[in-house]
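Just so we're aligned: the sequence shown equals residues 13 to 192 in this note's numbering. Glycine residues also receive a C-beta, built at the ideal position from the N, C-alpha and C atoms. On a predicted model such as this, the values are computed, not experimentally measured, just so you know. Input: a single structure, listed below in structure tokens.
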Amino acid sequence: MTNRYNTRLLSAILGTQDERKATGALSEERARQALTVGPPLSPDERRLIWMSPDARDVFLAVRRQVRADAMERVRDAGLGTAERRLAASGGNADEIVGNGFTVTVFRDDIPGAEWSVSLQLAPEYLALIGSSTAIVLRDSGGHVWVSGLPDSQGCVSVVWELSTESPRSRLQRFSLALEP
13 MTNRYNTRLL SAILGTQDER KATGALSEER ARQALTVGPP LSPDERRLIW MSPDARDVFL
73 AVRRQVRADA MERVRDAGLG TAERRLAASG GNADEIVGNG FTVTVFRDDI PGAEWSVSLQ
133 LAPEYLALIG SSTAIVLRDS GGHVWVSGLP DSQGCVSVVW ELSTESPRSR LQRFSLALEP
């Protein structure tokens, strides 16, 4: 099954939920608190988001606003872009220094994986978005390189998943942008 199929299936299942079967409510204030300064959502609150279309709508609306606010702060600070494309490269690792982040691409010795990508956020970028905000590193061709929550050091590392093209090849044609 593909991700697209799984997403459509999950969407169809969630779309049939009956609000009357959910107990509790999630306020905008609590959702914003969980997405920004904490504390994180409790297991009961997470369950409520899964079970209640209304709670899910509140949570998703607040999450969109929190991300938009973070995006605006990042943009206003001039962070989140790496305009330089890779010319030619050699060796085992390439480092791309962006505005507020550094990406390291290196050959990997993990079986079945040829490349790894490590994204390191600069302290000023991490301070703007907060530690509980997921990030997405995307190239100007639309491919997502890295997505997820940074660790306590502001780092996210992944194995390169695009089998048809290497990261070096994409860096010769595309620039990178980091989005909260």
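ask   = How about the region 57-75 and the region 155-170: do they share at least three Cβ pairs that are nearer than 8 Å?
value = no
Among 15, 89, 51, the one whose alpha carbon lies nearest that of residue 141 = Position 129 of the sequence shown holds residue 141. Ranking the options by Cα distance to residue 141, first place goes to 89.
ask   = Between residue 99 and the rest of its own chain, which residues show a CB-CB distance below 6 Å, the 5 nearest in sequence each way excluded?
value = Reading the sequence shown from its first residue, position 87 is the one you call residue 99. Since pLDDT at residue 99 reaches only 45, below the 50 mark, its modelled position is unreliable, and the value read off the structure follows with that caveat. Taken in chain order, the list of residues that qualify is empty.
ask   = With residue 78 and residue 47 assumed to form a contact (beta carbons below 8 Å), what rounded beta-carbon distance in angstroms separates them?
value = Numbered from its first residue, the sequence shown carries residue 78 at position 66. Numbered from its first residue, the sequence shown carries residue 47 at position 35. Yes, residue 78 and residue 47 are in contact; Cβ-Cβ is about 5 Å, under 8 Å.
Top-ranked residue by Cα proximity to residue 135, from 74, 163, 25 = Here residue 135 refers to the residue found at position 123 when the sequence shown is read from its first residue. Measuring from the Cα of residue 135, the nearest candidate turns out to be 163.
key: Span separating the alpha-carbon of residue 94 from that of residue 176   = Position 82 of the sequence shown, counted from the first residue, corresponds to residue 94. Position 164 of the sequence shown, counted from the first residue, corresponds to residue 176. Answer to the nearest angstrom: the Cα atoms are 23 Å apart.
message = Along the chain, where does the alpha helix (DSSP H) containing residue 86 start, and where does it finish?
response = The sequence position of residue 86 within the sequence shown is 74, counting from 1. Run containing residue 86: 65-88, per the alpha helix (DSSP H) assignment.
Residues of its chain near residue 130, where Cβ-Cβ distance is below 6 Å and the 5 sequence neighbours each way are ignored = Within the sequence shown, numbered from 1, the residue matching residue 130 stands at position 118. Closer than 6 Å at Cβ, skipping near neighbours: 116, 169.
inquiry  = In this structure, how does DSSP classify residue 157 when only helix, strand and coil are distinguished?
reply    = Start at 1 with the first residue of the sequence shown, and residue 157 comes out as number 145. Here residue 157 sits in strand by DSSP.
task = Output yes or no for whether 7 Å exceeds the beta carbon distance between residue 86 and residue 44.
result = On the sequence shown, residue 86 is found 74 positions in, with the first residue counted as 1. On the sequence shown, residue 44 is found 32 positions in, with the first residue counted as 1. Their beta carbons are not under 7 Å apart, which means residue 86 does not touch residue 44 by this criterion.
message = Output needed for residue 195: all residues of its chain with C-beta closer than 8 Å, excluding positions within five of it in sequence on either side, in chain order.
response = This structure does not reach residue 195, given that the chain is present from 13 up to 192, and the question cannot be answered.
Residue 62, DSSP secondary structure in three states = On the sequence shown, residue 62 is found 50 positions in, with the first residue counted as 1. Three-state result, residue 62: helix.
key: Among 184, 128, 143, the one whose alpha carbon lies nearest that of residue 51   = Indexing the sequence shown from 1 puts residue 51 at position 39. The shortest Cα separation from residue 51 among 184, 128, 143 belongs to 143.
request  = Take residue 192 as the anchor and find which of 68, 76, 41, 72 has the nearest alpha-carbon.
outcome  = Residue numbering aside, residue 192 sits at position 180 when the sequence shown is read from its first letter. The shortest C-alpha separation from residue 192 is found at 76.
ask   = From 172, 112, 119, pick the residue whose C-alpha is nearest to that of residue 106; which is it?
value = As a first step, residue 106 is located in the sequence shown; it is residue number 94 there, counting from the start. Taking only the C-alpha atoms, the option nearest residue 106 is 119.
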